[in-house]
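From first to last, the protein sequence lines stand for chains A and B. Residues in the first sequence are numbered consecutively from 1, following this note's numbering. Residues in the second sequence are numbered consecutively from 1, following this note's numbering. Since the structure comes first, as structure tokens, the remarks are kept for the end.
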Amino acid sequence: MKFSETHEWIDVKGTTGTVGVSEFAQKELGDIVYVELPQLGKTVKKGDPIAVLESTKAAADVYTPVSGTIIEVNHQLKEAPELINQHAENSGWLFTLQLSNPEELNALQDEQAYRDGLRS
Amino acid sequence: MNRLIAMDFVANQKNQWEEMLAALGVRSIDELLQAIPKKLHLQPPLKDDGLSEYEGMRAIEQVLSKNTFPQYENYLGAGAYEHHVPALVGAICQKSEFLTSYTPYQAEASQGMLQATFEYQTALAALTGLDVANASLYDGGSAAAEACFMALRANKGRSKIYLSPKVNPFYRGVIEQYLFSHSFTLHAGEIDSDTAAVVVQNPNFFGEIEDVAALFKKSKEQGAICILIANPLVYGLFASAGELGADIAVGDGQPFGLPLQFGGPYVGYLTCRESLVRQIPGRIVGETVDAEGKRGYVLTLQAREQHIRREKATSNICTNQALAALACLVALSWYGKHGVRDLALTNYQRAHYLHEKLIKIPGISPFSQKPFFNEFCIRFEQKVSDLLPSFHKQGIQPGFPVGEHKLVVAVTETKAKEQLDRYVEVAKHL
Numbered sequence: 001m002k003f004s005e006t007h008e009w010i011d012v013k014g015t016t017g018t019v020g021v022s023e024f025a026q027k028e029l030g031d032i033v034y035v036e037l038p039q040l041g042k043t044v045k046k047g048d049p050i051a052v053l054e055s056t057k058a059a060a061d062v063y064t065p066v067s068g069t070i071i072e073v074n075h076q077l078k079e080a081p082e083l084i085n086q087h088a089e090n091s092g093w094l095f096t097l098q099l100s101n102p103e104e105l106n107a108l109q110d111e112q113a114y115r116d117g118l119r120s
Numbered sequence: 001m002n003r004l005i006a007m008d009f010v011a012n013q014k015n016q017w018e019e020m021l022a023a024l025g026v027r028s029i030d031e032l033l034q035a036i037p038k039k040l041h042l043q044p045p046l047k048d049d050g051l052s053e054y055e056g057m058r059a060i061e062q063v064l065s066k067n068t069f070p071q072y073e074n075y076l077g078a079g080a081y082e083h084h085v086p087a088l089v090g091a092i093c094q095k096s097e098f099l100t101s102y103t104p105y106q107a108e109a110s111q112g113m114l115q116a117t118f119e120y121q122t123a124l125a126a127l128t129g130l131d132v133a134n135a136s137l138y139d140g141g142s143a144a145a146e147a148c149f150m151a152l153r154a155n156k157g158r159s160k161i162y163l164s165p166k167v168n169p170f171y172r173g174v175i176e177q178y179l180f181s182h183s184f185t186l187h188a189g190e191i192d193s194d195t196a197a198v199v200v201q202n203p204n205f206f207g208e209i210e211d212v213a214a215l216f217k218k219s220k221e222q223g224a225i226c227i228l229i230a231n232p233l234v235y236g237l238f239a240s241a242g243e244l245g246a247d248i249a250v251g252d253g254q255p256f257g258l259p260l261q262f263g264g265p266y267v268g269y270l271t272c273r274e275s276l277v278r279q280i281p282g283r284i285v286g287e288t289v290d291a292e293g294k295r296g297y298v299l300t301l302q303a304r305e306q307h308i309r310r311e312k313a314t315s316n317i318c319t320n321q322a323l324a325a326l327a328c329l330v331a332l333s334w335y336g337k338h339g340v341r342d343l344a345l346t347n348y349q350r351a352h353y354l355h356e357k358l359i360k361i362p363g364i365s366p367f368s369q370k371p372f373f374n375e376f377c378i379r380f381e382q383k384v385s386d387l388l389p390s391f392h393k394q395g396i397q398p399g400f401p402v403g404e405h406k407l408v409v410a411v412t413e414t415k416a417k418e419q420l421d422r423y424v425e426v427a428k429h430l
């Protein structure tokens, strides 16, 4: 699992990656009440704002950590956005994409570095 | 500090002046302002020290007496309508708690103001037959433009908006202005899978009732969001926006409780289906319970407003027409469910009485055979500009001229049979 500076995580298997927001981001946002997910088949560029998490106090953009094509979104979040608060880094995932430039992964932090960064 | 928090507007007293001057290190106001050249200072006593209160009132009254509009019987409509405003509207809206409280943010909004807004929303949602309403917008035109933006957000990726050619041109102007810096096209052509929204006015600018339901059905097959602009009084008698298949209903609330006032302030209403609730611009008041389980009202769905989302906000409408919306609510509550229907029916009957008489007169013909509500269009053989003086001489403002030969005539409950007969007499002798 790798992390971006804007607190998204990506879990890559082969050439597909599953993306969500980190435990830290979830805590910062507070109770999430609504999730706006990207369209299936949409081509996105690293850093594009492609999803919105709406909590009781703010609506925050989610940026894709890598470029690619959206192949799946987490439909469960429509009915149960609280999954993000409960399990941000597994069943609270947001979308899966087909990576178009896997080299972009190199610019992301690994888990240890990300968590250390939060502590410092 | 307590004085600041209380937000009262008491002018500073002498000792506070002195305190501030001391903090600045000057002895007097004159010393503070010494950088301003002497020749620019006003030297009292002035030669002309203005008018006394009494003289001033007299002067203003003299200017006002030049207004001729009260002497005319007014058949102008085209978006703003002369209706009787129930006395109750003034009695409630003039209460200082409502009159002087500018639309405050959550922390300062009183429960009374929030409840009034909540009730306004409820009334408009019921009237238009849709699920939710916002706390109001500036006017009908801006509400129509905001509805277009809602559709563009909900239908991301689509680039066209179908705008019926018979939408009020003033509304069209506002929509064009709003869309000006965005890369969307307004058109009146084919509705297809690139059409984000279909915008229709019903009754349209010429007063015609159109087959909106059929158009909306066709539009939905293409996935377009259906937006209906309407004089809200029409819903007292005809199918609601919801029944016609509209996703968003907008228009001007002016016919309910707001006098013409030379063009404003009016109030734009916006209601929609629940699926679009997160695209609604501006504010929404919701009902909830407090920690003790007692009913209370709060601004809700605020997460996308500009004080939180900044430049990414759903819209930059940060205010609403709270006082105008209140007037609208008071009038609607005063009329009640049956009263709104009666009022609409009276409008309908009087407009049809006049129309029927006018089109029998040689030289006058109907603009269309379509049904209408309280406004219709007639065609004159002569040029309308040549006819207006005859009407004006009789104290009648006969309608809104469109092109050289057409007149759009609005008839409300304010026109009694004798007045309508007088209109017909003048028209007979043109």
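Glycine included, each C-beta is placed from N, C-alpha and C at the ideal position.
Item: Quick one, which of Leu83(A), Gln112(A) and Leu40(A) has its alpha-carbon nearest Thr69(A)'s?; Value: Leu40(A)
Item: Going along chain B in order, which residues have a C-beta closer than 7 Å to the C-beta of Tyr34(A)?; Value: Arg278
Item: Does the beta-carbon of Asp252(B) have 16 or more other beta-carbons within 10 angstroms, so that it is buried, or is it exposed?; Value: buried
Item: Which of the three DSSP states, helix, strand or coil, is assigned to Asp61(A)?; Value: strand
Item: Would you say Lys57(A) lies against chain B (beta-carbon separation less than 8 Å)?; Value: yes
Item: Output, in chain order, the set of chain A residues within a Cβ distance shorter than 9 Å of Ile308(B).; Value: Lys57, Ala58 and Ala59
Item: Does the ligand SAM have a heavy atom nearer than 7 Å to the CB of Pro232(B)?; Value: This structure simply doesn't include the ligand SAM, nor any ligand for that matter.
Item: What do you get for Arg3(B), buried or exposed, if any count of 16 or more other CB atoms within 10 angstroms of its CB means buried?; Value: Because the pLDDT of Arg3(B) is 43, which lies under 50, any placement of that residue in the model is unreliable, and the question is left without a value.
Item: DSSP on Lys160(B), reduced to helix/strand/coil?; Value: strand
Item: Span of the beta strand (DSSP E) holding Glu287(B)?; Value: Ile284 to Val289
Item: For Pro169(B), is the classification buried or exposed, using 16 other Cβ atoms within 10 angstroms of its Cβ as the cut-off for buried?; Value: exposed
Item: What residues in the segment 60-89 of chain A have a beta carbon less than 8 Å from any beta carbon of chain B?; Value: Asp61
Item: Would Arg304(B) count as contacting chain A if we go by Cβ distances under 8 Å?; Value: yes
Item: Quick one, which of Glu79(A), Gln86(A) and Phe95(A) has its alpha-carbon nearest Glu23(A)'s?; Value: Gln86(A)
Item: Under three-state DSSP, which class holds Gly79(B)?; Value: coil
Item: Using 8 Å as the threshold, is the segment 342-349 of chain B in touch with the segment 398-415 of chain B, meaning 3 or more CB pairs across them?; Value: yes
Item: Which same chain residues end up closer than 8 Å to Ser385(B) when comparing Cβ atoms and leaving out the 5 residues on each side of it in sequence?; Value: Pro401 and Glu404
Item: Within a Cβ cutoff of 6 Å, which residues of the same chain sit near Ile431(B), ignoring the five residues on either side of it in sequence?; Value: Chain B is shown from 1 up to 430; residue 431(B) falls before or after that span and cannot be answered.
Item: Would DSSP call Ile186(B) helix, strand or coil?; Value: As written in the sequence, residue 186(B) is Leu, which differs from the Ile given in the question. Residue state, collapsed to three classes: strand.
Item: Would DSSP call Lys218(B) helix, strand or coil?; Value: helix
Item: Using CA atoms only, rank isn't needed, just tell me which of Glu146(B), Thr195(B) and Glu208(B) is closest to Tyr178(B).; Value: Glu146(B)
Item: Using 8 Å as the threshold, is the segment 322-341 of chain B in touch with the segment 116-127 of chain B, meaning 3 or more CB pairs across them?; Value: yes
Item: Cα separation between Ala154(B) and Ala59(B)?; Value: 55 Å
Item: Does Glu8(A) get closer than 8 Å to chain B when you measure Cβ to Cβ?; Value: no
Item: So that I know if they touch, is there some Cβ in chain B lying closer than 8 Å to that of Glu54(A)?; Value: yes
Item: Mind checking who Gly336(B) pairs with in its DSSP beta bridge?; Value: Answer is none; Gly336(B) lacks a bridge partner.
Item: Measuring CB atoms only, is the segment 190-210 of chain B touching the segment 279-289 of chain B, in the sense that at least three cross pairs come out at less than 8 Å?; Value: no
Item: Taking only the alpha-carbon atoms, compute the straight-line gap between Val424(B) and Glu381(B) and give it to the nearest angstrom.; Value: 16 Å
Item: In angstroms with no decimal places, state the Cα-to-Cα distance between Val89(B) and Val267(B).; Value: 15 Å
Item: Using a Cβ-Cβ cutoff of less than 8 Å, which residues in the same chain neighbour Ile280(B) once the five nearest sequence positions on both sides are dropped?; Value: Val132, Asn134, Met150, Leu270, Cys272, Leu301 and Thr314
Item: Return the bridge partner residues of Gly251(B) from the DSSP annotation.; Value: Tyr269(B)
Item: Straight-line CA distance for Asp48(A) to Asp110(A)?; Value: 21 Å
Item: Tell me which residues share the same chain as Asp139(B) and place their Cβ nearer than 6 Å to its Cβ, disregarding the 5 neighbours each side in the sequence.; Value: Asp252, Tyr266 and Gly268
Item: Hey, would you say Tyr81(B) sits closer than 8 Å to Gln397(B), going by beta carbons?; Value: no
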